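Quick note on numbering: numbering that gives the first Met the number 0 labels position 50 of the sequence shown as 49, and the sequence is numbered without any gaps.
Ideal Cβ placement from N, Cα and C applies to all residues, glycine included.
Note that the coordinates shown come from a computational prediction; the quantities given were computed from them, not determined experimentally.
The next block holds one structure in the form of structure tokens; read it before the comments.
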Amino acid sequence: MTTYKQFGFQNTKKMYAEALKKNYALPGYNFNNMEQLQAILSACLQTQNSVVLQVSRKAYEYMGGELISHMVYGAMQEMKAQAKKMKLKPITVALHLDHGDSYELCVSAIKNGFSSVMIDGSHFDYKENVKLTKKVVNFAHKYNVTVEGELGVLAGVEDYVSAEENIYTRPEEVENFVGKTGVDSLAIAVGTSHGAYKFKPGQHPKIRLDILRAVEKKLKNFPIVLHGSSSIPQDAIKKINQYGGKMPDAIGIDKRQVREAAKTPVCKVNIDSDSRVTMTASIRETFAKSPEAFDPRFYLGKVREDLVKMYVKKNIEVLGCGIKLK
0 MTTYKQFGFQ NTKKMYAEAL KKNYALPGYN FNNMEQLQAI LSACLQTQNS VVLQVSRKAY
60 EYMGGELISH MVYGAMQEMK AQAKKMKLKP ITVALHLDHG DSYELCVSAI KNGFSSVMID
120 GSHFDYKENV KLTKKVVNFA HKYNVTVEGE LGVLAGVEDY VSAEENIYTR PEEVENFVGK
180 TGVDSLAIAV GTSHGAYKFK PGQHPKIRLD ILRAVEKKLK NFPIVLHGSS SIPQDAIKKI
240 NQYGGKMPDA IGIDKRQVRE AAKTPVCKVN IDSDSRVTMT ASIRETFAKS PEAFDPRFYL
300 GKVREDLVKM YVKKNIEVLG CGIKLK
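Following this line, the structure appears as structure tokens:
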């Protein structure tokens, strides 16, 4: 068995404790390939904040469980070299399984060097969710791996995660759930949504800060996680549609609402779709302006540059965890 400590990853305990203390949220950025991974680490190095690198079940299958930890390790060595050159402190990195939907998948990720896993039992009834989550916690804690559970259901579609409507987290259940399962952090449903088509045109979605505050009263200084929090940058959507794409109704969460939520015990905000639309906009623009291009290093290199800019902006303006270098 390969442990995360061999790769130099960290679990989320100290990272979340620091976020709670200073009232900011860390990014939970999903990645599916090398360019996304490199851009995340480069951006977070520039803004000097820790990061939770996230891999969904579909991404785990796409890249291969045994490859992921080694790829992150290699990218971290490059990041450390970059830090030395820029005279910056290397950042802390956790490698997290996002929306693990079975005990077996969580065990596989832990054995492949992940330092944190999410077990999403929200599609089960409460009793079964507790049972499954507790089983994963018992295994993970043997290896000092942190576990994220979930109460409530987010609407939207992203990878294998799909639901037609939100089922808001019930604050009266959270204390019992955390106590019975032993989870280290808790994902809750407060109005955010998965995917790029989170809401219908004309809707004005709001994060239920009242639920967040009620949860805060039940769980003192306990790490809370927001899923489905991409803002879906409209400049990227405009480029996609301008250069042949069809995403006219892609709408996300207002970044100002996410910033407000980050001032509560929300310690991690999950962002995936923003990366996808930024990548797609970059590639479409490059192909439209340079139709002769066929070298992936050319157009994916441009993607990487555009992603870094987007992640830097998120860290500073939305999550409040990053600093702007002079």
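Checking the DSSP bridge columns, you'll see T1 partnered with N111.
Going by C-alpha positions, S49 is about 28 Å away from G178. For E284, there is no enclosing beta strand (DSSP E); the residue is part of the alpha helix (DSSP H) that begins and ends at S272 to K288. Within the same chain, and ignoring the five residues on either side of V173 in sequence, the residues whose Cβ sits closer than 7 Å to its Cβ are L150, L185, V214, K217 and L218. Every beta strand (DSSP E) stretch that sits fully inside the stretch 185-265 and reaches 3 residues is listed by chain position as 223-225. A contact between stretches requires three or more CB pairs, one per stretch, nearer than 8 Å, and the stretch 280-293 fails this requirement with the stretch 10-20.
For the set T1, A42, Q9 and A38, the Cα lying nearest the Cα of N314 is the one of A42.
Residue pairing by DSSP places N32 opposite no residue, since no beta bridge is assigned to it. The residues T1, Y3, F6 and S68, in chain order, have a CB closer than 6 Å to that of G112 in the same chain once the five nearest residues on each side in sequence are set aside. Here S115 is not near T91, since their CB atoms are 8 Å or more apart. Judged by DSSP secondary structure, H98 falls within the beta strand (DSSP E) whose first and last residues are V92 to G99. Contact annotation: D271 and P232 have beta-carbon atoms that are not nearer than 8 Å. G300 and K79 have their C-alpha atoms roughly 20 Å apart. Across the set Q47, K262 and P247, the C-alpha of K262 shows the shortest separation from the C-alpha of K254. Straight through space, the alpha carbons of G227 and G251 are spaced by roughly 9 Å.
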